[in-house]
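J.: Dropping a structure here in structure tokens format, bear with me for questions.
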Amino acid sequence: MRGHVPLVRLLLQRGSLAGAVDHTGRTPLHEAAWHGHSKVAELLLQRGASAVACSQTGLTPLHWAAALGRTLLVTSLLAAPGSDPAVKDLRGWTATHWAAACGRLPILELLTVGGSLDLDSALLVSAVAGSASTLRLLLALGAKVDALDSTGVTALGLAAGLGHHQDVVVLLDHGADPRISDRNNCSALHRAAAGGHLPVIQLLVAKGIEVDSQDSLGLTPLHYAARRGHVEVVSHLLDRGAQVNAAGWLRKTPLHLAVECDHRTTIELLLSRGANSTLRTQWGEMAQAL
1 MRGHVPLVRL LLQRGSLAGA VDHTGRTPLH EAAWHGHSKV AELLLQRGAS
51 AVACSQTGLT PLHWAAALGR TLLVTSLLAA PGSDPAVKDL RGWTATHWAA
101 ACGRLPILEL LTVGGSLDLD SALLVSAVAG SASTLRLLLA LGAKVDALDS
151 TGVTALGLAA GLGHHQDVVV LLDHGADPRI SDRNNCSALH RAAAGGHLPV
201 IQLLVAKGIE VDSQDSLGLT PLHYAARRGH VEVVSHLLDR GAQVNAAGWL
251 RKTPLHLAVE CDHRTTIELL LSRGANSTLR TQWGEMAQAL
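Here the sequence shown is numbered in full-length UniProt numbering, starting from 1 and rising by one per residue.
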């Protein structure tokens, strides 16, 4: 679609349907939203096009306009008869989620006029996307900083696990609780350690989070870092008092996990910091014998 309003008007006058659907469920209004043709969209809406028409993936023209930052189109779609910004696509996202994921701040402000039920989940989406400015806006609009996803993970946990340093700074500055763990008792520090994100770990540890906190299997952040071979993280955690011989699931220590995964440098570091190679797992295995 090239946005030719006179041609679109002529086609509609000749009997073309404003709500015609292609093989993917997309309508001309979807195409106008995708390409940013606001005048065409207004004409289609005047001729009865549905603002909530869903494609096969559940996406409406508003979803597309929000994701792509089409401010004029979003304004028109929100004002259209039957418009519903709460419509969800097949992944459960509304236009607010798409705007948050893509960092469309003006769109977010439009969508949240009068309040939105999606602010908390949009905050979680934004934490994954890695947009500190979007996080700030959502928090200013009323999103709960410690809102949980379906597995009990907070925005801080998501951002920490992905190494989004600036997002972590923003969330901590807004009072995010780094001690909150998910349903597997995995904390933001566990997630950051697994990803090897040293700057994030330094922020979290500076907040006083327990460096030897255990997940549901008894594994500490040091276990996570050792298993992935993140030497700098292992060193920092040990510097901050992590127990080098902490026994977790099957009584495995960080050294057992490093040996199992053949992380030579990590093994050498752990041994130099007092790891005991003669400690046995539940099955009687010693690290030196693996």
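Note that beta-carbon positions come from the ideal geometry of N, C-alpha and C, so glycine has one too.
Small disclaimer: the values here were computed from a predicted structure and weren't measured.
Span of the alpha helix (DSSP H) holding residue 211?
T.: Note, residue 211: premise wrong, no alpha helix (DSSP H); not H, not E.
J.: According to DSSP, is residue 148 part of a helix, a strand, or is it coil?
T.: Reduced to three states, the DSSP call for residue 148 is strand.
J.: Here's a check: name, in chain order, each residue in its chain whose Cβ is nearer than 6 Å to the Cβ of residue 263, leaving out the five neighbours to either side.
T.: Closer than 6 Å at Cβ, skipping near neighbours: 229.
J.: Got a sec, what are the start and stop residues for the alpha helix (DSSP H) residue 101 sits in?
T.: Residues 95-101.
J.: Using the beta-carbon count (16 or more within 10 Å), is residue 221 buried or exposed?
T.: Residue 221 is buried by the Cβ-count criterion.
J.: Within 10 angstroms of the Cβ of residue 126, are there 16 or more other Cβ atoms? Answer buried if so, exposed if not.
T.: Looking at its Cβ environment, which holds 16 or more other Cβ atoms inside 10 Å, residue 126 is buried.
J.: If contacts are defined as beta-carbon pairs under 8 Å, then residue 74 and residue 44 qualify, I think. What distance do you get, rounded to the angstrom?
T.: That pair is no contact at about 15 Å.
J.: State the CB to CB distance for the pair residue 65 and residue 33, rounded to an integer number of angstroms; the pair is presumed to be in contact (CB under 8 Å).
T.: Yes, residue 65 and residue 33 are in contact; Cβ-Cβ is about 4 Å, under 8 Å.
J.: Quick one: grab the DSSP three-state call for residue 265.
T.: Looking at residue 265 - three-state DSSP - the assignment turns out to be helix.
J.: Where do the N-terminal and C-terminal ends of the alpha helix (DSSP H) with residue 285 fall, by residue?
T.: Element bounds for residue 285: n/a, residue is neither H nor E.
J.: DSSP on residue 220, reduced to helix/strand/coil?
T.: Here residue 220 sits in coil by DSSP.
J.: Between which residues of its own chain and residue 98 is the CB-CB distance below 7 Å, once the five residues before and five after are set aside?
T.: 63, 66 and 67, listed in sequence order.
J.: Less than 9 Å separating the beta-carbons of residue 200 and residue 226?
T.: Cβ distance not < 9 Å, so residue 200 and residue 226 don't count as in contact.
J.: So, with DSSP's three-state summary, where would you put residue 76?
T.: Helix, per DSSP.
J.: Starting from the Cα of residue 277, find the closest Cα among 283, 261, 265 and 253 and give me that residue.
T.: Nearest option by C-alpha distance: 253.
J.: Which residue comes first and which comes last in the alpha helix (DSSP H) that contains residue 64?
T.: 61-68 is the extent of the alpha helix (DSSP H) around residue 64.
J.: Taking DSSP as the reference, what is the three-state secondary structure of residue 83?
T.: DSSP places residue 83 in coil when its eight states are reduced to three.
J.: Give every residue of the same chain whose Cβ lies closer than 6 Å to the Cβ of residue 80, excluding the five residues on either side of it in the sequence, and list them in chain order.
T.: For residue 80, where only same-chain residues beyond five positions count, the Cβ hits under 6 Å are 45 and 51.
J.: Tell me which residues share the same chain as residue 72 and place their Cβ nearer than 7 Å to its Cβ, disregarding the 5 neighbours each side in the sequence.
T.: 38, listed in sequence order.
J.: In whole angstroms, what separates the C-alpha of residue 192 from that of residue 204?
T.: C-alpha separation (whole angstroms): 9 Å.
J.: Determine whether the beta carbon atoms of residue 70 and residue 107 lie at a separation below 9 Å.
T.: For residue 70 and residue 107, yes; Cβs fall inside 9 Å.
J.: Does the Cβ-Cβ distance between residue 131 and residue 103 come in under 9 Å?
T.: Yes, the Cβ-Cβ distance between residue 131 and residue 103 is below 9 Å.
J.: Just checking my contact of residue 152 with residue 195 at CB under 8 Å: how many whole Å lie between their CB atoms?
T.: Residue 152 to residue 195, Cβ: 18 Å. No contact.
J.: Please identify the residue among 170, 283, 279 and 180 whose C-alpha is closest to the C-alpha of residue 146.
T.: It is 180 whose Cα lies nearest to the Cα of residue 146.
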